[in-house]
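Novice: Can you keep this structure in mind? I'll have questions shortly.
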Amino acid sequence: MIEQQQNVTVISNQRPVQLRVERLAIHHRMKILEAVKSNGSKFYLFFYKDDFITGKTVDVKNGSLIEKAFQNGIVLQASHPLIERFLTDKTFLLKSTKQVFQSVQKHYTPQETAFIFSYFDSFLSTETLIKLIRKHFYEYRRNGQLRKAFQILVILLHFDSNNKWALELTRKLEYQKMRSIYEAEDTDLRDVDPLFFEIVAYKELEKNQTYLESVYHKDKRKTDLTALRLHLYLHSSKQDERDPLTLLEGSFTESEYANLLWIMYVEAPQHKILQEKAFQALMHLNKTSEAINLLTARKTALTASEGELLVKAFNDEETDITQINLSSLQESLKIKENRMLLDGLLQPLIPRILNEYGLTYVYTWLKPLYEGNQNLSILSTIQTMVDIQDNPDKQFQLGKLYHKLKQYDDAITCFDWEMELHPTDPTPVQWLTKVYREMGKLEESNTYMSIYSKMQRVSH
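Under full-length UniProt numbering, the first residue of the sequence shown carries the number 1, and numbering increases by one thereafter.
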């Protein structure tokens, strides 16, 4: 279901700590998972591409890269199916900062190391981060690797755009050629510095979608790829009319797809394709009342498949009729194009409304539907019931109509009245036997069967 909680476990000092996932930010090559501990404190897990780096209890600083990731990145709220797919491992071993530093330096380039550690600016001091970045810069410069040295400076400015030391160095004559490439932000930059070009491309997702998708494909970053496509599907300047299923990388279960559709609809309810798809999604998730309200709020013609799903919903005892917006449903049923579906929809619906609100309400609710539809048996049945409900000589007929609509208590009241009015007539007794049996009240049914048998013997 949509509300299903997502959890992860971190191992700290050989002790497991369970966390409740709240959201995931995808920002450049980083993913940051925000979770909550049992005491309510926020815990953040950091991933480079799809690799887990570390996790920390953090008070996020204003202007930090964590804050920017959740402000400017693609953010998925729990319990998003993409988060579930991304977290194939649900348990993460935490290491000390020193161990993390050693591990990152071992597995990644100095540029990637500087980039990764820049996201730790809410729990590592600025001095510590700059010291690390400077170290890599000077190593490259001593070796005459000016291009790589400049890459390090750019990462520092990505983290701290006003850093005086880095700004002054980038203006030096020896870096003039490199500086012009970075300022142009064209294909030369893509070849010279793929990491930073990815950062630049992220500023205009729609414009750079093709390039970013090629990067994600190459790196096998399925979560990034699908998240990008879905984000642009919801937020691009032109409304995309494709089936969202075609945007997914990898196979999803029906429940995951239904959940995803509903999440997308909540984010972009004006999207026409999602309006149609979300109804089916809610039905699959057994959110029947919400599905019906969503569908009827559209005020458009129903498709045959939607009509079938509505009939199924009205027949389902789990459907809470009191949660359905009956006014909106009435307006939807009045639409001319829906007339051919009317009889099939009203047959299971009317007994449910009748049971909840009574005959007078049902008749008033149906009145706008009578025009042009008088031939429908359910409408003529309700009309007859209203016409005879106060006629003491018609209670037996009324009882049979209530029985037809499975309103057993009302039927019993009518047959009781008829039995008192005509105490020697076995017919209402026979009907009481039948009604109680259908209700599962066998003791009462047997009692009336006994009375009926005696009356039959007396009459003979």
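Note that CB positions come from ideal geometry on N, CA and C, so glycine has one too. No experiment lies behind these values; they were computed from the predicted model shown.
Quick check: the Cα distance between Phe52 and Glu256, rounded to an integer number of angstroms?
Specialist: Mapped onto the sequence shown, residue 52 falls at position 52. Mapped onto the sequence shown, residue 256 falls at position 256. Going by the C-alpha atoms only, they are around 24 angstroms apart.
Novice: Measure the C-alpha to C-alpha separation of His28 and Ile181 and round it to an integer number of angstroms.
Specialist: Counted from its first residue, the sequence shown places residue 28 at position 28. Counted from its first residue, the sequence shown places residue 181 at position 181. If I take the Cα positions, the gap works out to 20 angstroms.
Novice: Tell me which same chain residues have a C-beta within less than 8 angstroms of the C-beta of Ala268, skipping the five on either side of it?
Specialist: Residue mapping note: residue 268 aligns to position 268 of the sequence shown, counting from 1. Taken in chain order, the residues that qualify are Leu234, His235 and Leu274.
Novice: What ranges does the alpha helix (DSSP H) occupy inside the stretch 66 to 121, keeping only unbroken runs of at least 4 residues that lie completely in it?
Specialist: Counting whole runs of 4 or more residues, the stretch 66 to 121 contains the alpha helix (DSSP H) stretches 81 to 86, 97 to 107 and 110 to 118.
Novice: Quick check: the Cα distance between residue 464 and Asp320, rounded to an integer number of angstroms?
Specialist: This structure does not reach residue 464, given that the chain is present from 1 up to 460, and the question cannot be answered.
Novice: Just how far apart, CA to CA, sit Lys172 and Trp165?
Specialist: One-based indexing of the sequence shown puts residue 172 at position 172. One-based indexing of the sequence shown puts residue 165 at position 165. When rounded, the distance between both Cα atoms is 11 angstroms.
Novice: In its own chain, which residues sit with a C-beta less than 7 angstroms from the C-beta of Arg298, not counting the 5 before and 5 after it?
Specialist: Against the sequence shown, residue 298 aligns to sequence position 298. Cβ within range, chain order: Gln275.
Novice: In this structure, does DSSP put Leu354 in helix, strand or coil?
Specialist: Sequence index remark: in the sequence shown, residue 354 carries index 354 (1-based). In the structure shown, Leu354 sits in a helix (DSSP, three-state: H, G or I).
Novice: May I ask which residues mark the beginning and end of the alpha helix (DSSP H) holding Asn259?
Specialist: Translated into positions along the sequence shown, residue 259 becomes position 259. Here the alpha helix (DSSP H) through Asn259 covers Glu254 to Glu267.
Novice: Three or more C-beta pairs closer than 8 angstroms, one from the stretch 82 to 90 and one from the stretch 7 to 15: is that the case here?
Specialist: Yes, they touch.
Novice: Among the residues of its own chain, which have a CB less than 8 angstroms from the CB of Met419, if the five just before and after it don't count?
Specialist: To locate residue 419, count along the sequence shown from 1; it is residue 419. Excluding positions up to five away in sequence, the list reads Asp425, Pro428, Val429 and Leu432.
Novice: Roughly how far, in whole angstroms, is the beta-carbon of Asn293 from the beta-carbon of Asn325, given that I think they are within contact range, below 8 angstroms?
Specialist: Your numbering for residue 293 matches position 293 in the sequence shown. Your numbering for residue 325 matches position 325 in the sequence shown. Contact flag correct, Cβ pair sits at about 5 angstroms.
Novice: Quick one: what does DSSP say Gly307 is sitting in, helix, strand or coil?
Specialist: The residue you call residue 307 lines up with position 307 of the sequence shown. The answer is helix: DSSP assigns Gly307 an H, G or I state.
Novice: What does DSSP give as the partner residue(s) for Tyr44 in the beta ladder?
Specialist: Counting from 1 along the sequence shown, the entry for residue 44 is found at position 44. Note: Tyr44 sits in a beta bridge opposite Glu34 and Lys56.
Novice: Which residues in the same chain have their Cβ closer than 8 angstroms to the Cβ of Ile2, if we skip the five residues on either side of it in sequence?
Specialist: In the sequence shown, counting from the first residue as 1, residue 2 sits at position 2. Residue confidence for Ile2 is low, a pLDDT of 46 falling below 50, so the modelled location carries little weight; the figure read from the coordinates is stated next. Excluding residues within five positions, the ones whose Cβ falls inside 8 angstroms are Ser79, Asn259, Trp262, Ile263, Leu285 and Lys287.
Novice: Short of 7 angstroms in beta carbon distance, which residues of its chain neighbour residue 523, apart from the five on each side in sequence? Order them along the chain.
Specialist: There is no way to answer for residue 523, as the model of the chain reaches only from 1 to 460.
Novice: Could you pull the start and end residues of the beta strand (DSSP E) that Asn293 belongs to?
Specialist: One-based indexing of the sequence shown puts residue 293 at position 293. It is not in any beta strand (DSSP E) - Asn293 instead sits in the alpha helix (DSSP H) that spans Thr288 to Ala297.
Novice: On a Cα-Cα basis, can you pick out the residue from Lys218, Ala281, Phe159 and Asn163 that is closest to Tyr119?
Specialist: In the sequence shown, residue 119 corresponds to position 119, counting from 1. Here the closest residue by C-alpha is Phe159.
Novice: My output table needs one value for Asp224: the three-state DSSP class, helix, strand or coil.
Specialist: Within the sequence shown, the letter at position 224 stands for residue 224. Residue state, collapsed to three classes: helix.
Novice: When we look at the beta-carbon of residue 463 and count the other beta-carbons within 10 Å, is it buried (16 or more) or exposed?
Specialist: Here the chain has residues from 1 to 460 only, and residue 463 is not among them.
Novice: Is there contact here, the stretch 64 to 78 with the stretch 92 to 110, by at least three beta-carbon pairs under 8 angstroms?
Specialist: Too few Cβ pairs lie closer than 8 angstroms, so no.
Novice: Would you say the beta carbon of His235 comes nearer than 8 angstroms to a heavy atom of the ligand GDP?
Specialist: For the structure depicted, the ligand GDP is absent and the ligand set is empty, with no information on it obtainable.
Novice: Would you decide whether Thr109 is buried or exposed? Buried here means 16 or more other CB atoms lie within 10 Å of its CB.
Specialist: Taking the first residue of the sequence shown as position 1, residue 109 is located at position 109. With fewer than 16 other Cβ atoms within 10 Å, it is exposed.
Novice: Give the range of the alpha helix (DSSP H) segment to which Leu432 is assigned.
Specialist: Start at 1 with the first residue of the sequence shown, and residue 432 comes out as number 432. Thr427 to Met439 is the extent of the alpha helix (DSSP H) around Leu432.
Novice: With 16 as the cutoff for other CB atoms within 10 Å, does Ser327 come out buried or exposed?
Specialist: What you label residue 327 is simply residue 327 of the sequence shown in a count that begins at 1. Counting Cβ neighbours within 10 Å, Ser327 comes out exposed, since fewer than 16 surround it.
Novice: Classify His107 as buried or exposed, calling it buried when 16 or more other Cβ atoms lie within 10 Å of its own Cβ.
Specialist: Within the sequence shown, numbered from 1, the residue matching residue 107 stands at position 107. His107 should be labelled exposed.
Novice: Going by alpha carbons, who is nearest to Ile378 out of Tyr363, His271 and Tyr436?
Specialist: One-based indexing of the sequence shown puts residue 378 at position 378. For Ile378, the nearest C-alpha among the options comes from Tyr363.
Novice: One question on the structure: do Met30 and Phe46 come within less than 9 angstroms of each other, judged by their Cβ atoms?
Specialist: For this step, residue 30 is matched to residue 30 along the sequence shown. For this step, residue 46 is matched to residue 46 along the sequence shown. Cβ distance < 9 angstroms, so Met30 and Phe46 count as in contact.
Novice: So, Val311 versus Leu345, is the Cβ gap smaller than 9 angstroms?
Specialist: Translated into positions along the sequence shown, residue 311 becomes position 311. Translated into positions along the sequence shown, residue 345 becomes position 345. Yes, they are a contact pair.
Novice: Put Ser180 into one of helix, strand or coil per three-state DSSP.
Specialist: Here residue 180 corresponds to residue number 180 of the sequence shown, with the count starting at 1. Note: Ser180 maps to helix in three-state DSSP.
Novice: In angstroms, rounded to a whole number, what distance separates the CA positions of Thr210 and Tyr48?
Specialist: For the purposes of this step, residue 210 is taken as residue 210 along the sequence shown, with counting starting at 1. For the purposes of this step, residue 48 is taken as residue 48 along the sequence shown, with counting starting at 1. Going by the C-alpha atoms only, they are around 21 angstroms apart.
Novice: What whole-angstrom Cβ distance do Asn373 and Arg339 have, given they're in contact under 8 angstroms?
Specialist: One-based indexing of the sequence shown puts residue 373 at position 373. One-based indexing of the sequence shown puts residue 339 at position 339. With 8 angstroms as the limit, Asn373 and Arg339 qualify as a contact, their Cβ atoms being about 7 angstroms apart.
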